[in-house]
Amino acid sequence: MAEHHTHHHDCAKANADHFSKEAHTYRTELTVEIAKRCAAVILKKYSFDSNSTEVLDFACGPGLIAFELLPHVKRIVGADSASGMVEVFNRNVEEQGISLEKLHCIKIDSLKDDQSDLDGTLFDVIMYVN
(Lines of atoms letter the chains of each structure in order from A and count residues from 1; the text may use other names and numbers.)
(Lines give C-alpha, C1' and ligand atoms only; values in the text may rest on other atoms or scores of the structure.)
Protein backbone atom coordinates (compact mmCIF):
# COMPACT_ATOMS: atom_id res chain seq x y z
CA MET A 1 0.00 0.00 0.00
CA ALA A 2 2.84 2.42 0.75
CA GLU A 3 4.12 1.79 -2.76
CA HIS A 4 0.76 2.85 -4.15
CA HIS A 5 0.88 6.11 -2.16
CA THR A 6 4.42 6.77 -3.37
CA HIS A 7 3.30 6.31 -6.96
CA HIS A 8 0.61 8.98 -6.54
CA HIS A 9 3.09 11.25 -4.81
CA ASP A 10 5.52 10.82 -7.72
CA CYS A 11 2.77 11.66 -10.23
CA ALA A 12 1.67 14.72 -8.25
CA LYS A 13 5.28 15.92 -7.99
CA ALA A 14 5.87 15.33 -11.71
CA ASN A 15 2.68 17.26 -12.50
CA ALA A 16 3.69 20.19 -10.27
CA ASP A 17 7.20 20.20 -11.75
CA HIS A 18 5.84 20.19 -15.30
CA PHE A 19 3.49 23.11 -14.72
CA SER A 20 6.15 25.04 -12.79
CA LYS A 21 8.40 24.84 -15.85
CA GLU A 22 5.55 25.93 -18.14
CA ALA A 23 4.36 28.80 -15.92
CA HIS A 24 6.26 31.58 -17.68
CA THR A 25 4.89 30.56 -21.10
CA TYR A 26 1.31 29.82 -20.05
CA ARG A 27 -0.11 33.28 -20.78
CA THR A 28 -0.78 33.53 -24.51
CA GLU A 29 -3.37 35.31 -26.60
CA LEU A 30 -5.33 32.05 -26.79
CA THR A 31 -5.23 31.24 -23.06
CA VAL A 32 -6.27 34.80 -22.17
CA GLU A 33 -9.22 34.55 -24.58
CA ILE A 34 -10.22 31.18 -23.11
CA ALA A 35 -10.01 32.66 -19.59
CA LYS A 36 -12.24 35.57 -20.61
CA ARG A 37 -14.82 33.20 -22.06
CA CYS A 38 -14.73 30.94 -18.98
CA ALA A 39 -15.15 33.96 -16.69
CA ALA A 40 -18.08 35.21 -18.78
CA VAL A 41 -19.84 31.83 -18.47
CA ILE A 42 -19.18 31.70 -14.72
CA LEU A 43 -20.52 35.24 -14.24
CA LYS A 44 -23.62 34.47 -16.31
CA LYS A 45 -24.36 31.30 -14.35
CA TYR A 46 -23.67 32.45 -10.77
CA SER A 47 -24.33 35.59 -8.75
CA PHE A 48 -21.26 37.35 -7.44
CA ASP A 49 -21.22 40.32 -5.08
CA SER A 50 -18.19 42.59 -5.25
CA ASN A 51 -18.68 43.46 -1.57
CA SER A 52 -19.00 39.98 -0.13
CA THR A 53 -18.18 37.06 -2.46
CA GLU A 54 -14.97 35.23 -1.58
CA VAL A 55 -13.61 32.71 -4.07
CA LEU A 56 -11.07 29.90 -3.89
CA ASP A 57 -9.59 29.22 -7.32
CA PHE A 58 -8.24 25.67 -6.97
CA ALA A 59 -5.47 24.61 -9.38
CA CYS A 60 -5.51 28.21 -10.59
CA GLY A 61 -2.34 28.19 -12.66
CA PRO A 62 -1.19 31.76 -13.32
CA GLY A 63 -4.63 33.10 -12.37
CA LEU A 64 -5.99 34.00 -15.78
CA ILE A 65 -9.62 33.38 -14.79
CA ALA A 66 -9.14 34.88 -11.32
CA PHE A 67 -7.95 38.17 -12.82
CA GLU A 68 -11.05 38.25 -15.04
CA LEU A 69 -13.40 37.63 -12.10
CA LEU A 70 -11.66 40.05 -9.72
CA PRO A 71 -13.87 43.13 -10.37
CA HIS A 72 -16.93 41.04 -9.42
CA VAL A 73 -15.76 39.65 -6.06
CA LYS A 74 -14.52 40.79 -2.68
CA ARG A 75 -11.53 38.46 -2.68
CA ILE A 76 -9.96 35.56 -4.56
CA VAL A 77 -7.40 33.15 -3.17
CA GLY A 78 -5.64 31.08 -5.78
CA ALA A 79 -4.22 27.70 -4.80
CA ASP A 80 -1.86 25.62 -6.91
CA SER A 81 0.64 22.83 -6.34
CA ALA A 82 3.09 24.17 -8.96
CA SER A 83 5.42 26.69 -7.34
CA GLY A 84 6.15 28.30 -10.71
CA MET A 85 2.46 29.02 -11.26
CA VAL A 86 2.18 30.50 -7.75
CA GLU A 87 5.16 32.76 -8.43
CA VAL A 88 3.78 33.97 -11.78
CA PHE A 89 0.33 34.55 -10.26
CA ASN A 90 1.67 36.60 -7.34
CA ARG A 91 4.10 38.54 -9.54
CA ASN A 92 1.20 39.54 -11.81
CA VAL A 93 -0.77 40.68 -8.74
CA GLU A 94 2.17 42.80 -7.62
CA GLU A 95 2.88 44.21 -11.09
CA GLN A 96 -0.76 45.26 -11.47
CA GLY A 97 -0.76 46.95 -8.05
CA ILE A 98 -3.52 44.75 -6.67
CA SER A 99 -3.79 44.35 -2.91
CA LEU A 100 -2.70 40.92 -1.66
CA GLU A 101 -5.77 41.01 0.57
CA LYS A 102 -7.95 41.10 -2.56
CA LEU A 103 -5.99 38.60 -4.68
CA HIS A 104 -3.11 36.25 -3.98
CA CYS A 105 -2.03 32.67 -4.54
CA ILE A 106 -0.73 30.04 -2.14
CA LYS A 107 1.14 26.83 -2.83
CA ILE A 108 -0.69 23.72 -1.72
CA ASP A 109 0.19 20.05 -1.60
CA SER A 110 -2.67 18.23 -3.29
CA LEU A 111 -1.91 15.00 -1.42
CA LYS A 112 -1.76 16.51 2.06
CA ASP A 113 -4.83 16.10 4.26
CA ASP A 114 -3.95 19.20 6.29
CA GLN A 115 -4.31 22.32 4.16
CA SER A 116 -3.55 24.70 7.03
CA ASP A 117 -2.27 27.24 4.50
CA LEU A 118 -5.94 28.09 3.99
CA ASP A 119 -6.17 28.78 7.74
CA GLY A 120 -9.77 27.54 7.99
CA THR A 121 -11.02 30.20 5.59
CA LEU A 122 -14.54 29.69 4.31
CA PHE A 123 -15.36 30.56 0.71
CA ASP A 124 -18.63 31.33 -1.03
CA VAL A 125 -17.38 29.78 -4.26
CA ILE A 126 -14.73 27.15 -4.88
CA MET A 127 -13.88 26.76 -8.53
CA TYR A 128 -11.75 24.35 -10.48
CA VAL A 129 -11.59 25.10 -14.19
CA ASN A 130 -9.44 22.87 -16.32
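By the count of this note's numbering, the sequence shown reaches residue 126 at its end, each step adding exactly one.
From the three backbone atoms N, C-alpha and C, an ideal C-beta is built for every residue, glycine too.
TODO: In the DSSP assignment, find the alpha helix (DSSP H) that holds D80 and state where it starts and stops.
DONE: At residue 80 the sequence reads Gly, which differs from the Asp that was named. Its alpha helix (DSSP H) spans residues 79 to 91.
Task: Start and end residues, beta strand (DSSP E) containing L26 - done: No beta strand (DSSP E) holds L26; the alpha helix (DSSP H) holding it covers 25 to 41.
Task: Helix, strand or coil at N126 according to DSSP, with G and I counted as helix - done: coil
Task: DSSP state of D53 mapped onto helix, strand, coil - done: strand
Open item on the list: If you measure between the beta carbons of E64 and A19, is that distance less than 8 Å?
Closed with: no
Task: Rounded Cβ spacing between A75 and S16 (contact assumed at less than 8 Å) - done: Contact doesn't hold; Cβ gap of about 15 Å is too wide.
Task: Residue of V51, P58, L99 minimising C-alpha distance to L118 - done: V51
Open item on the list: With distance defined between alpha-carbon atoms, name the residue in S46, N11, T49, L60 nearest to T27.
Closed with: L60
- [ ] Specify the secondary structure class of L118 as computed by DSSP and reduced to three states.
- [x] coil
- [ ] Determine the direct distance from the alpha carbon of G116 to that of V89, and round the result to whole angstroms.
- [x] 23 Å
Open item on the list: Rounded to whole angstroms, what is the Cα-Cα separation between A8 and C101?
Closed with: 19 Å
Open item on the list: Which residues does DSSP list as the beta-bridge partners of H100?
Closed with: V73
TODO: Give the straight-line distance between the Cα atoms of N126 and D45, rounded to the nearest whole angstrom.
DONE: 24 Å
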